[in-house]
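Chains as they are written, first to last, in the working numbering: chain C, 12 to 165; chain G, 12 to 165; chain Z, 12 to 165.
Note that the Cβ used here is the ideal one computed from N, Cα and C, for glycine as well.
All values reported here derive from a predicted model rather than from experimental measurement.
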């Protein structure tokens, strides 16, 4: 299955390239493992989905933000690798949800990201290991931040 | 030293297999490195040790929760690898403690996990790199969540 | 370019070796990848830069703390590897800023660390992937904690 074809079949629209938010690279490769920097729910035009789940964002809005982070990660992979078919596997994500102290459904929020990866890369290669946790604040008050480890075809 | 024998010698009781909490795999392997998803202090029967350290859990209770996360991780390793002796080294853990804003003894809490790994895999192979930090909330209000990187025999 | 020479040229003063804060190793190597444990802004004599950014630390003070974490990480690399020139690349950092709920400039804080790595290891090898996030508390109330993945010369 081709991830590039799947994106077309699903009619996914990737956001523009994410502007750098500090002194880091979007993707660093060592051996055949790629490390993607923490990404936010980028919409284009320097706009992100912002807010805290449990306060001014609902669970459903958090899921949509997590999915948008996934689209931004796909954009970066495409920009940096040229072709998404170079990705052989989603290995591991660390996913942070901007949460109130009493919001405890981070896994449900992050499923918005994980479903997208599964739909694009397939059940086997697209579902990775994962940690979904809360944080009390995120850069620019974005709703979700996810960093990702991927395996590349040699 | 055999990790399987050590578990018997120490009389450790591993919890049942941890039910999936979202769209992710418990363990993903790339090369000879295994990534274990964030695990909680699973007790069986869909029950976890819950609460926030500094609020309704003491340091000692937090340590016990961290140890229980370790037992759950051992269960997942055993389920996924068949034999714990396939683990050649504990590489790195990222350990999150559900903490009040003024609780600052995360390393002492997480020692409950690290002591278990040392006892099962030995001083050399069982002690990894580690980060112990706070978070303001965790899924289902669990007390501790730990993700783990392991090295496997080739 | 030699990282050892750069440290001399820049007149950098590394802190003493960081005392262990729990049951973990400062650095674990698997293959040619090194995992450094979460480090704080160590000053020597068991003293760290402490405080919460947005409350009792300014952005500039947070940046200085992030830079100090970098110096502590360089000390550990030097202690553990013997020679900083064994580091072939900064791969990825996870950087946590002790933040109030409404402080959202974590990337700017962590640039204090990233600039140091760039200055020591150069634009190409010294700038890695990165995630900069908030946390509501850190061990001993330190201002910043950073864990780091590095690639080593074979």
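Proximal residues of chain C, C-beta to C-beta of residue i below 8 Å
| i | result |
| --- | --- |
| residue 162 (chain Z) | 41 |
| residue 113 (chain Z) | 148 |
| residue 139 (chain Z) | 35, 36, 39 and 46 |
| residue 66 (chain Z) | Simply none; closest approach about 12 Å. |
Which listed residue (the options) has its alpha carbon closest to that of residue i
| i | options | result |
| --- | --- | --- |
| residue 30 (chain Z) | Z:139, Z:49, Z:18 and Z:99 | Z:49 |
| residue 138 (chain Z) | Z:108, Z:21 and Z:123 | Z:123 |
| residue 36 (chain C) | Z:146, Z:66 and Z:134 | Z:134 |
| residue 64 (chain C) | C:25, C:142 and C:115 | C:115 |
| residue 21 (chain G) | G:147, G:160, G:146 and G:131 | G:131 |
| residue 91 (chain Z) | G:136, G:60, G:140 and G:117 | G:140 |
| residue 151 (chain G) | G:13, G:144 and G:53 | G:53 |
| residue 55 (chain C) | C:67, C:146 and C:83 | C:83 |
| residue 46 (chain Z) | Z:98, Z:58 and Z:110 | Z:98 |
| residue 58 (chain Z) | Z:129, Z:128 and Z:26 | Z:26 |
Closer than 9 Å at the beta carbon, the chain Z residues around residue i
| i | result |
| --- | --- |
| residue 74 (chain G) | Neighbours of residue 74 (chain G) on chain Z: none; closest Cβ ~11 Å, over 9 Å. |
| residue 101 (chain C) | Result: empty, since nearest Cβ-Cβ is about 16 Å, beyond 9 Å. |
| residue 24 (chain C) | Those do not exist, as residue 24 (chain C) stays about 25 Å from chain Z at its closest Cβ, beyond 9 Å. |
Within-8 Å CB hit, residue i to chain C
| i | result |
| --- | --- |
| residue 150 (chain G) | yes |
| residue 48 (chain Z) | no |
| residue 32 (chain G) | yes |
| residue 144 (chain Z) | yes |
Within-8 Å CB hit, residue i to chain G
| i | result |
| --- | --- |
| residue 86 (chain C) | no |
| residue 53 (chain Z) | no |
| residue 107 (chain Z) | yes |
| residue 136 (chain C) | no |
| residue 122 (chain C) | yes |
| residue 118 (chain C) | yes |
| residue 110 (chain C) | yes |
| residue 125 (chain C) | yes |
Neighbour list for residue i in chain Z, Cβ cutoff strictly below 7 Å
| i | result |
| --- | --- |
| residue 91 (chain G) | None at all; the shortest Cβ gap to chain Z is about 18 Å. |
Assumed close pair residue i, residue j - CB separation to whole angstroms, cut-off 8 Å
| i | j | result |
| --- | --- | --- |
| residue 155 (chain G) | residue 106 (chain G) | 7 Å |
| residue 96 (chain C) | residue 15 (chain C) | 6 Å |
| residue 162 (chain Z) | residue 100 (chain Z) | 4 Å |
| residue 80 (chain G) | residue 157 (chain G) | 5 Å |
| residue 108 (chain Z) | residue 121 (chain Z) | 7 Å |
| residue 125 (chain C) | residue 34 (chain G) | 4 Å |
| residue 144 (chain C) | residue 149 (chain G) | 6 Å |
| residue 32 (chain G) | residue 118 (chain C) | 5 Å |
| residue 146 (chain C) | residue 146 (chain G) | 6 Å |
Chain-ordered neighbours of residue i on chain G, where CB pairs are closer than 9 Å
| i | result |
| --- | --- |
| residue 60 (chain Z) | Ordered by position in chain G, no residue passes the 9 Å Cβ test against residue 60 (chain Z), which lies about 14 Å from the chain. |
Residue i versus residue j: straight-line alpha-carbon distance, rounded
| i | j | result |
| --- | --- | --- |
| residue 71 (chain C) | residue 75 (chain Z) | 39 Å |
| residue 39 (chain G) | residue 104 (chain C) | 11 Å |
| residue 110 (chain C) | residue 13 (chain G) | 42 Å |
| residue 24 (chain Z) | residue 128 (chain G) | 36 Å |
| residue 73 (chain C) | residue 89 (chain Z) | 43 Å |
| residue 93 (chain Z) | residue 136 (chain Z) | 19 Å |
| residue 160 (chain C) | residue 42 (chain Z) | 17 Å |
Residue i at chain Z interface by Cβ criterion, 8 Å
| i | result |
| --- | --- |
| residue 158 (chain C) | yes |
| residue 28 (chain G) | no |
| residue 129 (chain G) | yes |
Any non-hydrogen atom of the ligand ZN closer than 7 Å to residue i Cβ
| i | result |
| --- | --- |
| residue 15 (chain C) | Looking for the ligand ZN in the displayed structure turns up nothing, as the structure carries no ligands at all. |
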